[in-house]
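K.L.:
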Amino acid sequence: MATAIQKITLSSSRDIPFNKLVLSQANVRRVKAGVSIEELAESIARRGLIQGLHVRPVLNGEGQETGMFEVPAGGRRYRALEMLAKQKRLNKATPVPCVVSAANATILIDEVSLAENIERAPLHPLDQYRAFQAMRDKGMTEEDIAAAFFVDVNIVKQRLRLASVSPALLDIYAEDGMELKHLMAFTVSHDHARQEQVWEQIRNSWQKEPYHIRRMLTETTVRASDKRVVFVGIDVYEAAGGIVMRDLFESDDGGWLQDVGLLDRLVSEKLTTIADEIATHGWKWVEAAISIPYGVTHGMRAIKGVPLDITEEDLVARDALQEELDRLTAEYEEADELPDEVDARLGEIEAAIKAIDNRPVGYDLDEIAIAGVFVSIDAEGSLFVDRGYVRSEDEPVELADETAQEDDVDPKTGEIRPPAIQRAVISIGGQSVQAEDEEGDGIRPLPDRLVMELTAHRTLALRDAVANNPRVAMTALLHKLVTDAFLHHAAAGCLDANVRHIFFPAQADELKDSSSAKSVTDRHQRWSDQIPADDEGLWDWLTELDDGVRMDLLAHCVSYGVNSLYEKVNPYGGSGVSEHGLKVRLTQASRLARATGMNMVEAGWRPTVGNYLGRVTKARILEAVREGAGEQAAQLIDHMKKGDMAKEAERLLADTGWLPEPLRAIEPEAEASLERADENRPAFLAGDDAIVEPKDKHCAMIAAE
């Protein structure tokens, strides 16, 4: 015979006046957690009491009900109601929905309280995201949702962004197939197809870090901090229909611009407009480009302008700005850190003073008619206009003949040869597009062009070091003079000692913005402002200089003759450098570097995708990371494609001080190998004619006469 199943009897519910309720001492919740009582009270005021209270009758000493009820489950709701009653927003006799258990129940009141708290299943985060989205779809604004749930509006924006990820990825997240940090990384892009594609590529890989996902989603974009974006303005880009991808969960420096082609077009249009306006002032030519290469003015004559007189209004404004600057500087002199608003104001004052000091310059109209202007964008994204350069072919005939150098004369025709003006190239993404991945095992020799670019960096840093070490510069000059006087036939003339300015046939785009280039250029400009233009005046001026100043000037002049460039050897003689000549050059350059204490890391060189890592094979990249960051770091990236590997290697090597072989210091004992046979040639030198050229080249924009 089957046993009858005993039926469960549920406690009855009824409304009990609030002033008949008291909080039970058996309530297990002691520690405050989650939503505050204040926020819960506001929620009840807005939505009413969503969940009732669980209560038991309070008995007196004789076991009789007193008419009061204690609350073992729902204590926070009770306290919220109590707060509303104290604020007189709730009548004390207001009926409260309650589930009433028997006073003589066999289940302990403590058990009821504990079960009520631990048996609640927390809401899955995805359910919250979707609930927010449903409320917005039904007409609530992000601000309304934030106010309803007492959270910051940015939290609502983040939750809504999470809900906007591809539904396929949301399902994977709901099934614990990915972590929240991965879902957050996917919100960078709105392209569901691309999100799913990236997930398919990494889902079975151990490399699933959020930064890797963000990098894959933004690899074809441009950062908002790029100088082109700063120059054009992100608002102009968006007004033209451009899309900006933003990360709501991590600092993104303004996000990423998705339409690179549109950005480059806007930059070109703005530069062209500026160039056209400058051309109306009478200049013969205006050359505009995103980046003007270092040394592009070689062979040109710079005309001198006269700063226009400062106006009375500008003078008064400058004095007021200087007074404010001095006051703020004195006020916060002892502060360890400046308040943000003060720091911003100091920057504004300094920029305003600089703008007044750098007032317009006036030029002679006759010289404007034969001179030109370079227009470009500096590293900070500001417009840079460099006026007043005369090309040799535009010089008046008399001046051209007078200033021509021996190297500028064609030996066959005797005519002055115009210098080769290297046209600026508009780069993509702030750097040259590199060649396709070079596959193959082993460490291949570095391409000639790359070694030449690297050694251009080294040469510029070495020039700066020599110019700052007059004693070394004097020694180098004496070495040259003694060599000419005692080891070779004396040159024709009374004294044939000269320093020929060496220019770089190949250079990286960022060379112009390097600390060495800026130091050399600034120093040259300071001397140029002092040196008399006529020969007799120059002699008298030099004669009156004290020894220390003369040494400084000598060091600066000698530095322009420093040449530590690697060049491809011409095995057939004639023009170019011989094998022996290259060895002597590199050996002497290393000696100069040691004597001056020059160090390429201190000179500011860091390995990047553009200047090294994107230009070499995967084996070279791994070798660099292994040497600079260790074997474990190399193992983190050895499975990546070359493009991703180069980007990650740039991050890993950023602060390690690692240098490629052409930039490393050569110790004296290693120099001996340069003087021996060709088989001892450094391994990094290319053994073939391979030159890595950019895939795309854009001509500089020229605003004609």
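Quick note: the sequence shown uses our numbering, first residue 1419, plus one each step. The beta-carbon is built from N, C-alpha and C at its ideal position, and this holds for glycine as well.
Which residue or residues does DSSP assign as beta-bridge partners of K1791?
P.N.:
For clarity, residue 1791 is Val in the given sequence; the question names Lys instead. DSSP output for V1791 lists V1704, R1805 as bridge partner(s).
K.L.:
Go ahead and pull the three-state DSSP assignment for V1606.
P.N.:
Of the three classes helix, strand and coil, the one that applies to V1606 here is coil, per DSSP.
K.L.:
Could you tell me which of E1637, T2005, Q1676 sits nearest to I1652, measuring between CA atoms?
P.N.:
Of the candidates E1637, T2005, Q1676, the one whose C-alpha sits nearest the C-alpha of I1652 is Q1676.
K.L.:
How far does the beta strand (DSSP E) with F1487 in it extend, from its first residue to its last?
P.N.:
Note, F1487: beta strand (DSSP E), 1483-1491.
K.L.:
Hey, is A1549's beta-carbon within less than 8 Å of any beta-carbon in chain B?
P.N.:
Given the protein chain composition of this structure (a single chain), no chain B is represented.
K.L.:
Would you call the CB atoms of R1809 and M1718 closer than 8 Å?
P.N.:
Contact: yes.
K.L.:
Can you tell me which of the three DSSP states P2025 falls into?
P.N.:
Coil, per DSSP.
K.L.:
From this set, P2025, K1425, L1477, which residue's C-alpha is nearest M1486's C-alpha?
P.N.:
Nearest option by C-alpha distance: L1477.
K.L.:
I need the straight-line Cα distance from L1913 to D1958, nearest angstrom please.
P.N.:
Any reading at L1913 must be qualified, since the residue scores a pLDDT of 36, below 50, and its modelled position is unreliable; no value is offered.
K.L.:
Here's the rule: buried if 16 or more other CB atoms are within 10 angstroms of the residue's CB, otherwise exposed. What is E2049?
P.N.:
By the neighbour-count rule (16 or more Cβ atoms within 10 Å), E2049 is not buried but exposed.
K.L.:
How close, in whole Å, do the beta carbons of V1606 and T1638 come, if the pair is a contact with beta carbons under 8 Å?
P.N.:
That pair is no contact at about 13 Å.
K.L.:
Just how far apart, CA to CA, sit I1536 and E1529?
P.N.:
If you take the alpha carbons of I1536 and E1529, they lie about 11 Å apart.
K.L.:
Please report the distance separating the alpha-carbon of M1663 from that of K1504.
P.N.:
Roughly 49 Å between the two C-alpha positions.
K.L.:
Could you tell me the distance, in whole angstroms, from the CA atom of E1997 to the CA atom of K1986?
P.N.:
About 9 Å.
K.L.:
Should G1790 go down as buried or exposed, given a rule of 16 or more other Cβ atoms within 10 Å for buried?
P.N.:
Flag for G1790 reads buried.
K.L.:
Kindly indicate which three-state DSSP category V1980 falls into: helix, strand or coil?
P.N.:
Coil, per DSSP.
K.L.:
Comparing C-alpha positions only, which one of V2043, V1890, R1548 sits nearest to R2024?
P.N.:
Per the Cα distances, V2043.
K.L.:
Shortest alpha-carbon distance to M1969 belongs to which of N2017, F1922, L1956, V1884?
P.N.:
The candidate whose alpha carbon is nearest that of M1969 is V1884.
K.L.:
With C-beta atoms as the reference, is A1706 less than 8 Å away from L1681?
P.N.:
In this structure, L1681 does not lie closer than 8 Å to A1706 by Cβ.
K.L.:
Identify the continuous beta strand (DSSP E) that holds P1475 and give its terminal residues.
P.N.:
Element bounds for P1475: 1471-1477.
K.L.:
Could you check the C-alpha separation between A1498 and F1567 for me, to the nearest Å?
P.N.:
Approximately 15 Å, taken between the alpha carbons.
K.L.:
Hey, would you say P1778 sits closer than 8 Å to L1726, going by beta carbons?
P.N.:
Yes, the pair counts as a contact, with Cβ atoms nearer than the cut-off.
K.L.:
When the Cα atoms are used, what is the spatial distance from A2083 to L2004?
P.N.:
Taking the straight line from one Cα to the other gives about 11 Å.
K.L.:
Can you tell me whether DSSP reads A1720 as helix, strand or coil?
P.N.:
Three-state result, A1720: strand.
K.L.:
Assuming contact is defined by CB atoms lying nearer than 8 Å, are V1373 and P2080 in contact in what I supplied?
P.N.:
Since the first and last residues shown for the chain are 1419 and 2123, residue 1373 lies out of range.
K.L.:
Three or more C-beta pairs under 8 Å: does that hold for the segment 1502-1518 against the segment 1434-1443?
P.N.:
Contact holds: three or more Cβ-Cβ distances are below 8 Å.
K.L.:
Under 8 Å, do I1462 and L1526 count as touching if we go by C-beta distance?
P.N.:
The answer is no: Cβ separation not under 8 Å.
K.L.:
Touch check for the segment 1969-1984 and the segment 1873-1883: three-plus C-beta pairs under 8 Å?
P.N.:
Yes: at least three Cβ pairs fall under 8 Å.
K.L.:
May I ask you to report which of helix, strand or coil DSSP gives S1709?
P.N.:
S1709: coil per DSSP, three-state reduction.
K.L.:
Can you give me the start and stop residues for the beta strand (DSSP E) that P1515 sits inside?
P.N.:
Per DSSP, P1515 belongs to the beta strand (DSSP E) from 1513-1518.
K.L.:
Taking 8 Å as the cut-off, decide whether the C-beta atoms of I1795 and R1646 are in contact.
P.N.:
Going by C-beta atoms, I1795 is nearer than 8 Å to R1646.
K.L.:
Thinking C-beta only, is L1733 closer than 8 Å to L1746?
P.N.:
Contact: no.
K.L.:
Classify Q1852: buried if its beta carbon has 16 or more other beta carbons within 10 angstroms, exposed otherwise.
P.N.:
Note that Q1852 scores 41 on pLDDT, short of 50, meaning its location in the model is unreliable; the coordinates nonetheless yield the value given after this. When all chains shown are included, Q1852 counts as buried.
K.L.:
Helix, strand or coil: how does DSSP classify E1892 here?
P.N.:
Before going further, note that residue 1892 is Met rather than Glu in the sequence given. Helix.
K.L.:
Which residue wins for smallest C-alpha separation from G1679, given the options S1946, G1659, G1673?
P.N.:
Checking every option, the nearest Cα to that of G1679 belongs to G1659.
K.L.:
Can you list, in chain order, the residues of its chain whose CB lies under 8 Å from that of A1523, leaving out five sequence neighbours each side?
P.N.:
Excluding residues within five positions, the ones whose Cβ falls inside 8 Å are R1474.
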